[in-house]
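Report on the following structure.
Protein chains: 2
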Amino acid sequence: MGRWEPNARERLAAAALELYSERGYEQTTVAEIARRAGLTERTFFRHYADKREVLFDGSHALQNLIVDAVAAAPKSAAPIDAVAAGLDAASAMFADRREFARRRQAVVLTNAELHERELIKLASLSAALAAALHRRGIAESTASLTAEAGIAVFKVGFERWVTAAEERPMAQVMRESLADLKAVTTGGDAG
Amino acid sequence: MGRWEPNARERLAAAALELYSERGYEQTTVAEIARRAGLTERTFFRHYADKREVLFDGSHALQNLIVDAVAAAPKSAAPIDAVAAGLDAASAMFADRREFARRRQAVVLTNAELHERELIKLASLSAALAAALHRRGIAESTASLTAEAGIAVFKVGFERWVTAAEERPMAQVMRESLADLKAVTTGGDAG
DNA sequence: GCGTCGATGTCAGTCACTGACATCGACAGG
DNA sequence: CCTGTCGATGTCAGTGACTGACATCGACGC
Numbered sequence: 089m090g091r092w093e094p095n096a097r098e099r100l101a102a103a104a105l106e107l108y109s110e111r112g113y114e115q116t117t118v119a120e121i122a123r124r125a126g127l128t129e130r131t132f133f134r135h136y137a138d139k140r141e142v143l144f145d146g147s148h149a150l151q152n153l154i155v156d157a158v159a160a161a162p163k164s165a166a167p168i169d170a171v172a173a174g175l176d177a178a179s180a181m182f183a184d185r186r187e188f189a190r191r192r193q194a195v196v197l198t199n200a201e202l203h204e205r206e207l208i209k210l211a212s213l214s215a216a217l218a219a220a221l222h223r224r225g226i227a228e229s230t231a232s233l234t235a236e237a238g239i240a241v242f243k244v245g246f247e248r249w250v251t252a253a254e255e256r257p258m259a260q261v262m263r264e265s266l267a268d269l270k271a272v273t274t275g276g277d278a279g
Numbered sequence: 089m090g091r092w093e094p095n096a097r098e099r100l101a102a103a104a105l106e107l108y109s110e111r112g113y114e115q116t117t118v119a120e121i122a123r124r125a126g127l128t129e130r131t132f133f134r135h136y137a138d139k140r141e142v143l144f145d146g147s148h149a150l151q152n153l154i155v156d157a158v159a160a161a162p163k164s165a166a167p168i169d170a171v172a173a174g175l176d177a178a179s180a181m182f183a184d185r186r187e188f189a190r191r192r193q194a195v196v197l198t199n200a201e202l203h204e205r206e207l208i209k210l211a212s213l214s215a216a217l218a219a220a221l222h223r224r225g226i227a228e229s230t231a232s233l234t235a236e237a238g239i240a241v242f243k244v245g246f247e248r249w250v251t252a253a254e255e256r257p258m259a260q261v262m263r264e265s266l267a268d269l270k271a272v273t274t275g276g277d278a279g
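Chain order of the listed sequences is A and B.
In this text, residue positions in the first sequence follow the working numbering: the first is 89, and each later residue adds one.
In this text, residue positions in the second sequence follow the working numbering: the first is 89, and each later residue adds one.
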């Protein structure tokens, strides 16, 4: 063991979410986050590239999960169905974290800088998704479009899932949202 | 006339795009932009909220244009067709600005902060689009999904239009992209 | 016991951004 | 013609995010 308490990174992430919730993102200084975690400002920046990134530690894992699920989908599956498999995998990750997701989302959506960061994480996810589809033999431009559509479903589905009055399985909400997209793009009625 | 050269705002925007292109966004200080425009750093921040915003002056006009076109679409038009009308209006705005759009896009996509800002502008556009669809009687959640799908088409279509070898009307590229989305969401073949 | 290593601390510096106050030509009213 | 207001700009001092250089010190291998 080192000279210090373990899990510095996790302590920083927890302290940041607390403080951003309590008094708002802008009203929180990095020095305060570090102090609450028992560390210094400089150490914060050794763990996280900036003040926003501390809320997005899990995004890389989520991306890998989705990409792997897309790659693992049966060869016969249509592009949109491979994407659906990715959404299922993502849903599994969030299954027992709805309360956490809700708290975090409340913070992210009330601050423009954090929202921007969320959006670029989703753009990165979209690019990775497009690459995974391309590896399945889909033309690049079509793959990008399919990926963007998948992210659109994810965004709307996530929003529906997080704000729903009664708790429902995220996978089910995602499938509904995907069905709505299909309905809406074919000119049919979705709701 | 005032004591100063007119069009301070435009001069700042031009100077910023030049400097960001020449030496990169991060290597450019706001003081340098202001100096090239014959102004001071403080004045820059009176015209633009931050160093990124100076490249996004037209986004509000674009949003209004699209929202108005959606509102003006025939009542009988399906949601997705109202969105298509919005994309047509957007295409008209860019008709004679392909070179400018290309230069600007090159800068925006090579810097993460600028890319983030672009994404949140598109998110704002998506929200406005959803609201316009909602005003047409579409259920809120369906409106959001349709709007997100429309933005996905816009993103991919814009990318195709800007990077295409031969110049083609943006409206045509957008309609192709929308057709591809429809094909892909119904499991058909798009390319 | 000793030297290396890795996580942290300390400190000084740059730059984005802000608030308070000063400047000064244009313009309106007298 | 004088004068007071106004709006765009300038000046200056400050805060806070973020960085580079260097110091510290327990763990661990030898």
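Glycine included, each C-beta is placed from N, C-alpha and C at the ideal position.
Practice problem: Compare the beta carbon distance of residue 167/A and residue 221/A with 7 angstroms and say whether it is the shorter of the two. | Solution: Taking the first sequence and counting its residues from 1, one reaches residue 167/A at position 79. Taking the first sequence and counting its residues from 1, one reaches residue 221/A at position 133. It is a contact, given that the beta carbons lie within the stated cut-off.
Exercise. Sort 226/B, 155/B, 208/B and 137/B by Cα distance to residue 172/B and report the nearest one.
Key: Taking the second sequence and counting its residues from 1, one reaches residue 172/B at position 84. Of the listed residues, the one whose Cα sits closest to residue 172/B is 155/B.
Quiz item: If we cut at 7 angstroms on Cβ distances, does residue 208/B have a partner in chain A?
Solution: Position 120 of the second sequence, counted from the first residue, corresponds to residue 208/B. So, interface residue.
Exercise. Evaluate residue 205/A with the Cβ neighbour count: other Cβ atoms within 10 Å of its Cβ, from every protein chain shown; 16 or more gives buried, anything less gives exposed.
Key: Taking the first residue of the first sequence as 1, we reach residue 205/A at position 117. Burial call: buried.
Exercise. Indicate whether residue 273/B and residue 270/A have their beta-carbon atoms separated by less than 7 angstroms.
Key: Reading the second sequence from its first residue, position 185 is the one you call residue 273/B. Reading the first sequence from its first residue, position 182 is the one you call residue 270/A. The answer is yes: Cβ separation under 7 angstroms.
Exercise. Report the neighbours of residue 203/B on chain A: residues whose CB is nearer than 8 angstroms to its CB, in chain order.
Key: Within the second sequence, residue 203/B is the residue found at index 115, counting from 1. In chain order: 208 and 211.
Practice problem: Compute the Euclidean distance between the alpha carbons of residue 252/B and residue 120/A, then round it to the nearest angstrom. | Solution: One-based indexing of the second sequence puts residue 252/B at position 164. One-based indexing of the first sequence puts residue 120/A at position 32. Computed Cα separation, rounded: 49 angstroms.
Exercise. Determine the closest residue to residue 215/B out of 132/A, 135/A and 243/A, with distance taken between C-alpha atoms.
Key: In the second sequence, residue 215/B corresponds to position 127, counting from 1. Here the closest residue by C-alpha is 243/A.
Quiz item: From the beta carbon of residue 232/A, is the nearest beta carbon of chain B less than 7 angstroms away?
Solution: Position 144 of the first sequence, counted from the first residue, corresponds to residue 232/A. Chain B, which has a Cβ nearer than 7 angstroms to the Cβ of residue 232/A, makes this yes.
Quiz item: Taking all protein chains shown into account, do 16 or more other C-beta atoms lie within 10 angstroms of the C-beta of residue 94/A, making it buried, or fewer, making it exposed?
Solution: The residue labelled residue 94/A in the question sits at position 6 within the first sequence. Under this definition residue 94/A is an exposed residue.
Practice problem: Have a look at 262/A, 210/A and 201/A and flag the residue whose alpha-carbon is nearest the alpha-carbon of residue 229/B. | Solution: Your numbering for residue 229/B matches position 141 in the second sequence. Out of 262/A, 210/A and 201/A, 262/A has the C-alpha closest to the C-alpha of residue 229/B.
Exercise. Please determine, among 109/B, 246/B, 195/B and 231/B, the residue with the shortest C-alpha to C-alpha distance to residue 266/B.
Key: Reading the second sequence from its first residue, position 178 is the one you call residue 266/B. Closest option to residue 266/B, Cα to Cα, is 246/B.
Quiz item: Candidates 175/A, 192/A and 165/A: which alpha carbon is nearest residue 103/A's?
Solution: Taking the first residue of the first sequence as 1, we reach residue 103/A at position 15. Here the closest residue by C-alpha is 192/A.
Quiz prompt | Within the stretch 179-204 of chain A, ranges of the beta strand (DSSP E) (whole runs, at least 3 residues) | solution = none
Practice problem: Mind checking the stretch 241-264 of chain B against chain A and listing, in chain order, the residues whose C-beta falls within less than 8 angstroms of any C-beta there? | Solution: 241, 243, 244, 247 and 248
Quiz item: Are the beta-carbon atoms of residue 136/B and residue 199/B separated by less than 7 angstroms?
Solution: As a working note, residue 136/B is residue 48 in the second sequence. As a working note, residue 199/B is residue 111 in the second sequence. No.
Quiz item: Is residue 95/B helix, strand or coil when you go by DSSP?
Solution: Taking the second sequence and counting its residues from 1, the one referred to as residue 95/B is at position 7. Reduced to three states, the DSSP call for residue 95/B is coil.
Self-check item: residue 39/B versus 153/B, 201/B and 161/B, residue with shortest Cα-Cα distance
Solution: This structure cannot settle anything about residue 39/B, because the visible part of chain B is limited to 89 through 279.
Quiz item: residue 134/A lies in the alpha helix (DSSP H); which residues open and close that run?
Solution: Taking the first residue of the first sequence as 1, we reach residue 134/A at position 46. Segment 129-135, the alpha helix (DSSP H) holding residue 134/A.
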